[in-house]
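Please read the structure below before turning to the comments.
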DNA sequence: TCCTGATGAGACATTCATGTCTCATGTGGG
DNA sequence: CCCACATGAGACATGAATGTCTCATCAGGA
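Residue numbers (the numbering used here), protein chains in the order written: chain A, 7 to 189; chain B, 7 to 189.
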């Protein structure tokens, strides 16, 4: 019956997103399969995490594609990007913290590609004169990750409404907390 | 010779900040003591983490006190606050991620007090007409935590210069990425 | 209907961090 | 000088998660 690998992966993502220390047994139960079958699909926790990483990268790439980062104003592209990434934010937050554990090992090159694409968008915004130039694209990229993680966490905790997710992040990232003298 | 408890605590903070899964044995070695002695000081990993939590709370409270959040313009107070919190940012990031594991248990009330004080500062900024009102104080507080964690991480990874830490965070948090039409 | 293959349940061994205990050592104070 | 005490080193037991294996069952296809 060829277990639905994608279903298992997404169940695991949903669970580990909430409880990053969940047991393989819990992951299996969450997916509605036995530990044995889970282990037949993913031969070990690290394999599972790597698969989740690949899933996260895939989702990010897809989100970036759909966001068309090269079209129109950079600020609008950022807004589209955040909106597209939102569904994957919790997974990203999990992988973000999990990455810190892969100390020695080289990180998946996929992240480098994604970092580059996002940084390129910020760089374009600067070149277009839309974004300020004293905040480096690398920092803006890092900050975006941080805000996505905070946002996902705050939503999960019920401290902000899910509907406000994109608005909160985009407005803070682009506009900041200070009032604008003029729009 | 009464082991220097504070030294042990700070060594542990420095290590766990970099490698959150470090063993009690590694923590002991990092502090230059044996595992037995470490265990005499902190009877278990959770006790150690709780002690680190208390340390983090203490540092935050101190930073908030020194930042005088009720003095002058709210934006300046935020800047002082970030500057004061900076040395503890890595510890905060560790505790921030560690907190997610204390699922059921009630979180230390100290955090609630700190959250309140920070949120109050943002609220004052809004009341003074300095901050925009469509970003809730709760979200601004969460975002600040997220940016502190991202910033500490980015500095540790060498992606941003340590000297730029405060500037990067404050400017993004308050001003955002968009260029101001006028200062 | 029968056969093949995937699955679930569970036993079992292994690894690792941890908690606990003992004992020798070495230092500082009386 | 001698004693008390903290420490370091290490042995040992424990618990948890994991990896591995077997076997019965069940469903789908020939």
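Virtual Cβ for every residue (Gly too), placed ideally from N, Cα, C.
Inter-residue spacing [alpha-carbon to alpha-carbon] between residue i and residue j
i, j, result
"residue 185 (chain A)", "residue 49 (chain B)", "50 Å"
"residue 157 (chain B)", "residue 120 (chain B)", "20 Å"
"residue 103 (chain A)", "residue 142 (chain A)", "23 Å"
"residue 166 (chain A)", "residue 26 (chain A)", "21 Å"
"residue 10 (chain A)", "residue 97 (chain A)", "19 Å"
"residue 148 (chain B)", "residue 159 (chain B)", "17 Å"
"residue 210 (chain A)", "residue 168 (chain A)", "Given a span of 7 to 189 for chain A in the structure shown, any question on residue 210 (chain A) remains unanswerable."
"residue 21 (chain A)", "residue 164 (chain A)", "17 Å"
"residue 66 (chain B)", "residue 41 (chain A)", "43 Å"
"residue 133 (chain A)", "residue 173 (chain B)", "21 Å"
"residue 154 (chain B)", "residue 124 (chain B)", "13 Å"
"residue 55 (chain A)", "residue 13 (chain A)", "15 Å"
"residue 152 (chain A)", "residue 178 (chain B)", "12 Å"
"residue 47 (chain A)", "residue 28 (chain B)", "29 Å"
"residue 129 (chain A)", "residue 52 (chain B)", "44 Å"
"residue 170 (chain A)", "residue 45 (chain A)", "39 Å"
"residue 122 (chain A)", "residue 79 (chain A)", "18 Å"
"residue 139 (chain A)", "residue 150 (chain A)", "16 Å"
"residue 71 (chain B)", "residue 117 (chain B)", "15 Å"
Proximity test, Cβ basis, 9 Å: residue i and chain B
i, result
"residue 184 (chain A)", "yes"
"residue 55 (chain A)", "no"
"residue 58 (chain A)", "no"
"residue 70 (chain A)", "no"
"residue 119 (chain A)", "no"
"residue 65 (chain A)", "no"
"residue 128 (chain A)", "yes"
"residue 106 (chain A)", "yes"
"residue 178 (chain A)", "yes"
"residue 172 (chain A)", "no"
"residue 116 (chain A)", "no"
"residue 97 (chain A)", "no"
"residue 155 (chain A)", "yes"
"residue 62 (chain A)", "no"
Close beta carbons around residue i, own chain, < 6 Å, minus the five adjacent residues each side
i, result
"residue 75 (chain B)", "83 and 127"
"residue 91 (chain B)", "69"
"residue 176 (chain A)", "85 and 88"
"residue 31 (chain B)", "41"
"residue 191 (chain B)", "Any question about residue 191 (chain B) goes unanswered here, given that chain B covers just 7 to 189."
Nearest-angstrom beta carbon gap, residue j and residue i [assumed within contact, 8 Å]
i, j, result
"residue 100 (chain B)", "residue 23 (chain B)", "5 Å"
"residue 61 (chain B)", "residue 15 (chain B)", "6 Å"
"residue 180 (chain B)", "residue 183 (chain A)", "5 Å"
"residue 131 (chain B)", "residue 81 (chain B)", "7 Å"
"residue 105 (chain A)", "residue 63 (chain A)", "With a Cβ gap of about 12 Å, residue 105 (chain A) and residue 63 (chain A) do not count as contacting."
"residue 94 (chain A)", "residue 58 (chain A)", "Not a contact, Cβ separation roughly 11 Å."
Per-residue DSSP class, three states only, for residue i
i, result
"residue 171 (chain A)", "helix"
"residue 128 (chain A)", "helix"
"residue 137 (chain B)", "strand"
"residue 107 (chain A)", "coil"
"residue 189 (chain B)", "Below a pLDDT of 50, predicted positions are generally treated as unreliable, and residue 189 (chain B), at 46, falls in that range; the measurement from the model is reported next regardless. Of the three classes helix, strand and coil, the one that applies to residue 189 (chain B) here is coil, per DSSP."
Below-9 Å beta-carbon distance, residue i vs any chain A residue
i, result
"residue 159 (chain B)", "yes"
"residue 88 (chain B)", "no"
"residue 84 (chain B)", "yes"
"residue 166 (chain B)", "yes"
"residue 133 (chain B)", "no"
"residue 30 (chain B)", "no"
"residue 19 (chain B)", "no"
"residue 181 (chain B)", "yes"
"residue 40 (chain B)", "no"
"residue 94 (chain B)", "no"
"residue 10 (chain B)", "no"
"residue 140 (chain B)", "yes"
Other residues of its chain near residue i: CB distance less than 7 Å, five sequence neighbours each side excluded
i, result
"residue 77 (chain A)", "83"
"residue 144 (chain B)", "125"
"residue 73 (chain B)", "83, 86, 87 and 90"
Sequence-distant residues of its chain with Cβ nearer than 8 Å to residue i (five each side left out)
i, result
"residue 43 (chain A)", "9 and 34"
"residue 17 (chain A)", "33, 36, 37 and 38"
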